[in-house]
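**Student:** Got a structure for you, questions after.
Protein chains in written order, with my numbering: chain A, 28 to 279; chain B, 1010 to 1420.
Below, the structure is given as structure tokens:
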């Protein structure tokens, strides 16, 4: 499908094909730093299909975190369009964005970002609370999600009673609970040792093979190798967009 | 986020910072405590006074040398003192003989200090001595416990007989039936003819320490300089205004007052006495409640302060919640509920303290203290409202946080 970006970014794209989950069209993000304007993203156009496994790479300051924040609806673009699951997200207001974050996106963060005072089970339940799911159903579903990451026996533990790998698995269970369109992982292994990293990446792999769309932001090439496609960001623009060794193998 | 969830989170946070929460809540606690305790106190005192001090009964009106206004206002009193004359026995006779609306017209004179009582080896001082007409028992708060009250012939003949309060019987005639015994009051012997029922204490003052002799005997011994108090009883509370008018008319005519002259006497009903008392306790209550509201505002500001600190402390938490789909109003309500729960807990602690206070005060004083439920509900409502009001600003601050900024915060 042809959705070449117009230089002005105002021409609406052809409606994304049904298997496209993420589509950005000439996405710009400009920060006002005092009197100076700094462009973190300068016209990024990418497309990610359902059940793709994509890594976004780039040196620090490249704009990859900004891109991830925009994809995760944590931030709004200055210019350009962002279509998530056939919905133009770049035009939505705060509450609608909250709804998208709740239903369409599962976040996995480098620092886990669990609530310190809540148990593993309660942390996993949290997105369901904001989805308006009633209490009994919440626990049942949260328990189900913990089962997928093999942490049912740790359900009543608080984050400080869990290892780093366990915390990240709780975070992954939390990300999955609302059956989001994409799993968005920002340096998911950044705070973990290599053994635990491999374990977590194995889990991500499993989730991908179960049909989830996974977007991975990382600066570690060996972690990116788990993905099937790598998008390199440099100076706020897509520098390269190519399949990984694994992706090439899969294609063959 | 559902309310139950918010309350749970709020209580959890509160419990995890017990000392800080308690210090935060001191203002609210003290203020609600004061509010409820003062209402309880005023209700207790008013109830007590209504039941005990209103000697006259609700259907009675008293003719005295000064009106209530003159007795409670210095300027009016200075003027009245030059003008008003003591009520005399002749005036009493006139009122008794000419009133057609009064069922009973009673006269009494009394003195409270400097009296000496003697019976056998026993002595008592500072007992109230009262001279009464025989019908005074009809308006008295006490009844006859033993023997009899003064008879009309006792009063007419000036018999040396005495009707005594229970304190006199207990202290001067221990273990002896006082009826028929001789009692010496200020050097004069009287025969005890009856004893009154127990009334107990009012503000620590015994109401049972009195002796009553015929009014003529009283005037013969203690002189007629003091004013006689005349009490008249109406057939019903509804007939009181008419009786009051009649007594005023009779007093003005017996004193030959010109129509333009002011009254040279006072008319005091039990209702006006209670009204005065309520006015007094009302002023006390108003002052205390004013003080309580100052505490409340201070308490509210402290809550706002601690909530602002909580928002800063938990910016990261707000970020996480927003990333997971919390809308502005979810965050807003979470912090509002937290502030409201905080202040309501303060209110509950204040009510608990007030409750303990009423229990203690009920034990230590004769006042009928009770926890005023209406005041408790109002107080809790107020404390919750204070939390909600002072929580608005911090909660809005939290709700407006940008998810990405909040997530990146170091806290």
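Where a beta carbon is used, it is the ideal one built from N, C-alpha and C, also for glycine.
For a minimum of 4 consecutive residues, which ranges assigned as the alpha helix (DSSP H) are wholly contained in the region 68-126 of chain A?
**Tutor:** 91-98
**Student:** Output, in chain order, the set of chain A residues within a Cβ distance shorter than 9 Å of residue 1315(B).
**Tutor:** Contact annotation for residue 1315(B) against chain A: no contact, minimum CB-CB distance about 17 Å [criterion: below 9 Å].
**Student:** With burial defined as no fewer than 16 other Cβ atoms inside 10 Å of the residue's Cβ, what is the status of residue 1255(B): buried or exposed?
**Tutor:** buried
**Student:** Can you tell me which of the three DSSP states residue 1171(B) falls into?
**Tutor:** strand
**Student:** Please classify residue 1352(B): does DSSP put it in a helix, a strand, or coil?
**Tutor:** helix
**Student:** If you scan the region 1050-1135 of chain B from start to end, which runs of the alpha helix (DSSP H) of 4 or more residues do you find wholly inside it?
**Tutor:** 1077-1081, 1083-1092 and 1098-1107
**Student:** To the nearest angstrom, how far is the alpha carbon of residue 1121(B) from that of residue 1253(B)?
**Tutor:** 28 Å
**Student:** Using 8 Å as the threshold, is the region 1345-1356 of chain B in touch with the region 1370-1379 of chain B, meaning 3 or more CB pairs across them?
**Tutor:** Contact between the region 1345-1356 of chain B and the region 1370-1379 of chain B is absent, because fewer than three Cβ pairs lie under 8 Å.
**Student:** Could you tell me the alpha carbon to alpha carbon distance between residue 1383(B) and residue 1404(B), rounded to whole angstroms?
**Tutor:** 30 Å
**Student:** Looking at residue 1305(B): is its Cβ nearer than 8 Å to the Cβ of residue 1395(B)?
**Tutor:** Yes. Within cutoff.
**Student:** List, in chain order, every chain B residue whose beta-carbon is nearer than 8 Å to that of residue 96(A).
**Tutor:** Residues of chain B passing the Cβ test: 1413.
**Student:** How many angstroms separate the CA atom of residue 265(A) from the CA atom of residue 176(A)?
**Tutor:** 34 Å
**Student:** Mind checking whether residue 1274(B) and residue 1096(B) have CB atoms under 8 Å apart?
**Tutor:** Yes. Within cutoff.
**Student:** Compare the C-alpha of residue 1117(B) against each of 1317(B), 1411(B) and 1237(B) and name the closest.
**Tutor:** 1237(B)
**Student:** Have a look at 227(A), 208(A) and 201(A) and flag the residue whose alpha-carbon is nearest the alpha-carbon of residue 192(A).
**Tutor:** Closest option to residue 192(A), Cα to Cα, is 227(A).
**Student:** Select from the region 147-163 of chain A all residues with a C-beta closer than 7 Å to any C-beta belonging to chain B, and list them in chain order.
**Tutor:** Within the region 147-163 of chain A, contact with chain B at the beta-carbon level (separation under 7 Å) is assigned to 153, 154, 156, 157 and 158.
**Student:** Mind checking if residue 32(A) is an interface residue toward chain B, Cβ cutoff 8 Å exclusive?
**Tutor:** Reliability fails at residue 32(A), whose pLDDT of 45 lies under 50, so the model's placement of it is uncertain and the value that follows must be treated cautiously. Output row for residue 32(A): interface = no.
**Student:** Considering residue 1406(B), what are the terminal residues of the alpha helix (DSSP H) in which it resides?
**Tutor:** 1382-1408
**Student:** What does the Cβ neighbour count give for residue 1065(B), buried or exposed, with the cut at 16 atoms within 10 Å?
**Tutor:** Reliability fails at residue 1065(B), whose pLDDT of 49 lies under 50, so the model's placement of it is uncertain and the value that follows must be treated cautiously. By the neighbour-count rule (16 or more Cβ atoms within 10 Å), residue 1065(B) is buried.
**Student:** Considering residue 58(A), what are the terminal residues of the beta strand (DSSP E) in which it resides?
**Tutor:** 47-60
**Student:** Going straight from the alpha carbon of residue 83(A) to that of residue 237(A), what length do you get?
**Tutor:** 21 Å
**Student:** For residue 134(A), return the contacting residues in chain B, with the cut-off set at a CB-CB distance below 7 Å.
**Tutor:** 1332
**Student:** If we call anything under 8 Å between Cβ atoms a contact, is residue 1047(B) one with residue 1297(B)?
**Tutor:** yes
**Student:** Determine whether the beta carbon atoms of residue 68(A) and residue 90(A) lie at a separation below 8 Å.
**Tutor:** yes
**Student:** Anyone know if the C-beta pair for residue 1368(B) and residue 1076(B) falls short of 8 Å?
**Tutor:** no
**Student:** Just mark residue 1205(B) as buried or exposed, buried being the case when its beta carbon has 16 or more other beta carbons within 10 Å.
**Tutor:** buried
**Student:** With DSSP as the reference, label residue 140(A) as helix, strand or coil.
**Tutor:** coil
**Student:** Could you pull the DSSP bridge partners for residue 269(A) from this structure?
**Tutor:** 257(A)
**Student:** As an exercise, report each continuous alpha helix (DSSP H) stretch of at least 4 residues that is fully enclosed by the region 1204-1234 of chain B, in chain order.
**Tutor:** List check, alpha helix (DSSP H) in window: 1224-1231.
**Student:** For residue 1199(B), does the three-state DSSP call read helix, strand or coil?
**Tutor:** strand
**Student:** Distance cutoff 8 Å, beta carbons only. Does residue 1386(B) sit that close to anything in chain A?
**Tutor:** no
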